[in-house]
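Read in order, the letters of the sequence shown correspond to residues -14 to 482 in the numbering used here. Some notes on the structure that comes next.
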Amino acid sequence: MDSVEPFALCTRAREILMAHRFLRDCNPDPDESVESWLARIFERAQRVALVTGLLAQGCTTEPTQALAEPADTDAVDETASAQVARGVPCAPGTYLPISASGLSPARRFDSLAIRTLSGFPPNEEGPERWTVSHFSVVSEVGTPCATATTRECHQKIRMHPEPFRATSCVQLCSETSVVTTAGDEVRRWAGVPEIRALLGPIDTPDEALLLVEAMGYHLTCDNAERTTVRATPDGFLVTATKITRDCAPIITTRYTLRIWRSGEVQEVRTEEIERSSACIGRVPAGLTSAPADEGRSLLGDFLARAAHLEAASVIAFERLAAELTALGAPASLVDEARRAAEDEVRHADVVSALARARGGGTPFPPRVEELPLRALFALALENAVEGCVRETFGALVGAHQARRAADAELAAAMRDITTDEARHAALSWKVHAWAMDRLGPEERAHVQQAQADALSRLAASTTRAPAPEVARAAGLPGPTEAACLLDVLRQGILAEA
């Protein structure tokens, strides 16, 4: 075996994988249940585990995306302000700490509203059409269409324009934009050049925050570790965050940004503030908390973070059940979502106990912002990414852990947890099928593109190896193993589409 060239090893390994019928078929049995379909994906994942040794000796994965090195810090004295720094508040029921009343645009408008929505950029840009009904208004001032002379203004302002213009993307993409009315004109302002043109000189804290949001940074309510803003003689200093890596590990980076009154922005400091060996799965939108590492044990800290995510999943499934109920989904889907929430309560307890026994801290309850129930399209987009892609991949990783973890107690726990997680993944695909039947052609195309984009981002995020101590004890897949598991999932989704 040692004399075989790496290319031959890869070919042999792939032949073993391709021998399974499911990889050869482009169209799975239409009468096959979701559970059976997923079971065959899991079976193939176990085959991957058996041939990983071959693959690791020569197969290539996607190129590693190196994290940016921290920028050199300019002479910015934040010592005094750090002692009194306070988080930026949000209005009740919102999750963006920007107020429309704090903006002083370069011209007068009848009304000005800050809006957000989720989606994915279109494959091709087209003419602007005010046809989108699923959006949220974060803050608004003035009276829409107060000086309008036609009904067109009133008709437009009830909707939002497409094509979608993404501000940032992690699991889903989001658009934060400003919609104004002046006479008969209704206009969306999105993207950094347009926001700068709208605001003119940056002379208020809210304007500095809006510009930072437009650049793709993340702003958090009432959290001084993640979001602050203070005036300087020549503008503002803002702290904000980005998830700079979203799987194995999840990395959150904090940025200090100098905002000049001219609208120019300079990164003056970057600092990694969170790192977890996990992958983001089904977590609720608006999750703002994360446990601090105890530093006594890498494995204990990893498990404490995993327990925190399990507890957050309770809220995610409770919210899913409420939204499915509001949208008139079958009772069976609602019941499965509620059962999944109960499963996650048990998972959080089990993983918390494992974390404490291995030197990790006691995870505190997750903090999640209250958000309104979503429309069908928004739910379908999130479910396609977090459920059908990430949760299913997470279940495959869990099966790998159950088989490969050196920590016998952890392996036994993962065997029980993975059984539940596979059922949760099946729920995601059932919700996907139910929602797709009720969406229009363009919306279905957006959802399908969302899944493809999520797979690509996941592939780029699995190219760094976890800490050896954690990988061995917890049975986490390395980059080559993760790439093979992801290929199993990709092939299954392609066959299902």
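Heads up, the beta-carbon is just placed ideally off N, CA and C, and yes, glycines get one too. Nothing here was measured: the structure is a model prediction, and the numbers come from that model.
* Between L509 and the rest of its own chain, which residues show a CB-CB distance below 6 Å, the 5 nearest in sequence each way excluded? -> The question about residue 509 has no answer here: the residues shown for the chain are numbered -14 through 482.
### Own chain, CB closer than 8 Å to P90, minus 5 neighbours either side, in chain order
If you number the sequence shown from 1, residue 90 lands on position 105. The residues are L97, T165, L183, L184, G185.
Please look up how many angstroms separate the CB atoms of L412 and E303, rounded, as I've assumed it's under 8 Å.
-> Sequence index remark: in the sequence shown, residue 412 carries index 427 (1-based). Sequence index remark: in the sequence shown, residue 303 carries index 318 (1-based). Cβ atoms of L412 and E303 stay farther apart than 8 Å, at about 13 Å.
inquiry  = Would you say the beta carbon of V416 is closer than 7 Å to some non-hydrogen atom of the ligand SAH?
reply    = No copy of the ligand SAH appears in this structure; indeed no ligand is present at all.
Just to check my reading of the structure: T238 and I258 have Cβ atoms closer than 8 Å, yes? What is that Cβ distance to the nearest angstrom? Numbered from 1 along the sequence shown, position 253 holds the residue referred to as residue 238. Numbered from 1 along the sequence shown, position 273 holds the residue referred to as residue 258. Sure, about 7 Å apart at Cβ, within 8 Å.
- Does DSSP put I228 in a helix, a strand or coil? Along the sequence shown, read from residue 1 onward, the residue named residue 228 stands at position 243. I228: strand per DSSP, three-state reduction.
Q. Per the contact definition of three or more C-beta pairs closer than 8 Å, is the stretch 405 to 425 in contact with the stretch 359 to 370?
A. Contact between the stretch 359 to 370 and the stretch 405 to 425 is established, with three or more Cβ pairs separated by less than 8 Å.
For V223, which residues does DSSP report across the bridge? Reading the sequence shown from its first residue, position 238 is the one you call residue 223. Bridge partners of V223: V214, L242.
Quick check on this structure: which residue in I402, Q434, H417, L272 has the alpha carbon closest to the alpha carbon of V330? Position 345 of the sequence shown, counted from the start, is the residue given in the question as residue 330. Taking only the C-alpha atoms, the option nearest V330 is I402.
Next on the checklist: Whole angstroms are fine: how far does the CA of I99 sit from the CA of A131?
Outcome noted: As a working mapping, residue 131 is identified with position 146 in the sequence shown. As a working mapping, residue 99 is identified with position 114 in the sequence shown. If you draw a straight line from the Cα of A131 to the Cα of I99, it comes to about 18 Å.
>> Applying the 10 Å Cβ sphere with the 16-neighbour rule, what's the burial state of D472?
In response: Here the question's residue 472 lines up with position 487 in the sequence shown. D472 counts as buried, since at least 16 other C-beta atoms from the protein chains shown sit within 10 angstroms of its C-beta.
Checklist entry - Does the Cβ of V122 have 16 or more other Cβ atoms within 10 Å, making it buried, or fewer, making it exposed? => result Taking the first residue of the sequence shown as position 1, residue 122 is located at position 137. Looking at its Cβ environment, which holds fewer than 16 other Cβ atoms inside 10 Å, V122 is exposed.
Note to self: Measuring only the C-alpha atoms, how far is F287 from G379?
What the structure shows: As a first step, residue 287 is located in the sequence shown; it is residue number 302 there, counting from the start. As a first step, residue 379 is located in the sequence shown; it is residue number 394 there, counting from the start. Going by the C-alpha atoms only, they are around 15 Å apart.
**Prompt:** T165 bridges to which residues according to DSSP?
**Reply:** The residue you call residue 165 lines up with position 180 of the sequence shown. Note: T165 sits in a beta bridge opposite L97, R172.
As a quick exercise: from K415, P82, D334, R324, pick the residue whose alpha carbon is nearest that of L294.
If you number the sequence shown from 1, residue 294 lands on position 309. For the options K415, P82, D334, R324, the alpha carbon positioned closest to that of L294 is the one of D334.
Practice problem: Take R169 as the anchor and find which of T135, L309, P148, E192 has the nearest alpha-carbon. | Solution: Here residue 169 refers to the residue found at position 184 of the sequence shown. According to the sequence as given, residue 169 is Asp; it is not Arg. If we check each option's Cα against that of D169, T135 comes out closest.
Spatial neighbours of R457 in its chain, beta-carbon cut-off 7 Å, leaving aside the 5 residues before and after
Mapped onto the sequence shown, residue 457 falls at position 472. A391, listed in sequence order.
Of the listed residues V171, S103, A459, nearest to P129 (C-alpha basis)
For the purposes of this step, residue 129 is taken as the residue at position 144 of the sequence shown. Of V171, S103, A459, the smallest CA-CA separation from P129 is found for V171.
Can you name, in chain order, every residue of its own chain whose Cβ lies under 7 Å from the Cβ of R341, other than the five neighbours on each side?
Looking up residue 341 in the sequence shown gives position 356. Hits under 7 Å: T347.
Bridge partners for L102 per DSSP, in chain order? Here residue 102 is taken as the residue at index 117 of the sequence shown, counted from 1. According to DSSP, residue pairing for L102 in a beta bridge involves E160.
| Range covered by the alpha helix (DSSP H) that runs through S337 | The sequence position of residue 337 within the sequence shown is 352, counting from 1. That run of the alpha helix (DSSP H) goes 316 to 342.
Following the continuous alpha helix (DSSP H) through E303, name the residue where it begins and the one where it ends. Numbered from its first residue, the sequence shown carries residue 303 at position 318. Where E303 is concerned, the enclosing alpha helix (DSSP H) stretches over 283 to 311.
**Study point:** Beta-carbon spacing of A199, V223 below 8 Å
**Key:** Taking the first residue of the sequence shown as 1, we reach residue 199 at position 214. Taking the first residue of the sequence shown as 1, we reach residue 223 at position 238. It is not a contact, given that the beta carbons lie outside the stated cut-off.
Q: Write down the C-beta distance between A85 and V126 rounded to the nearest angstrom, noting that I regard them as a contact closer than 8 Å.
A: Locating residue 85 in the sequence shown gives position 100, where the first residue counts as 1. Locating residue 126 in the sequence shown gives position 141, where the first residue counts as 1. Yes, A85 and V126 are in contact; Cβ-Cβ is about 5 Å, under 8 Å.
Q) Whole-angstrom Cβ separation of D191 and L88, contact assumed at under 8 Å? A) Position 206 of the sequence shown, counted from the first residue, corresponds to residue 191. Position 103 of the sequence shown, counted from the first residue, corresponds to residue 88. Confirmed, Cβ separation roughly 6 Å.
Next item on the list: Excluding the 5 residues preceding and the 5 following P462 in the sequence, name in chain order all residues of the same chain whose CB lies nearer than 7 Å to its CB.
Entry: One-based indexing of the sequence shown puts residue 462 at position 477. The residues V382, H385, L470, in chain order, have a CB closer than 7 Å to that of P462 in the same chain once the five nearest residues on each side in sequence are set aside.
Note to self: For A397 and S298, what's the separation of their Cα atoms in angstroms?
What the structure shows: Taking the first residue of the sequence shown as 1, we reach residue 397 at position 412. Taking the first residue of the sequence shown as 1, we reach residue 298 at position 313. Linking A397 to S298 through their CA atoms gives a straight-line distance of about 21 Å.
Between the Cα of E147 and the Cα atoms of C154, S162, S153, A133, which residue gives the shortest distance? Here residue 147 corresponds to residue number 162 of the sequence shown, with the count starting at 1. The shortest C-alpha to C-alpha distance from E147 to any of C154, S162, S153, A133 is the one to S162.
*Does the distance from the C-beta atom of S153 to that of L366 stay below 8 Å?*
The residue given as residue 153 occupies position 168 in the sequence shown. The residue given as residue 366 occupies position 381 in the sequence shown. Here S153 is not near L366, since their CB atoms are 8 Å or more apart.
Could you spell out the range, first to last residue, of the alpha helix (DSSP H) harbouring A352? Numbered from 1 along the sequence shown, position 367 holds the residue referred to as residue 352. Going by the sequence as given, residue 352 is Arg instead of Ala. Where R352 is concerned, there is no enclosing alpha helix (DSSP H), because DSSP gives it neither an H nor an E.
Check: For A459, is the classification buried or exposed, using 16 other Cβ atoms within 10 angstroms of its Cβ as the cut-off for buried?
Finding: Taking the first residue of the sequence shown as position 1, residue 459 is located at position 474. That one is buried.
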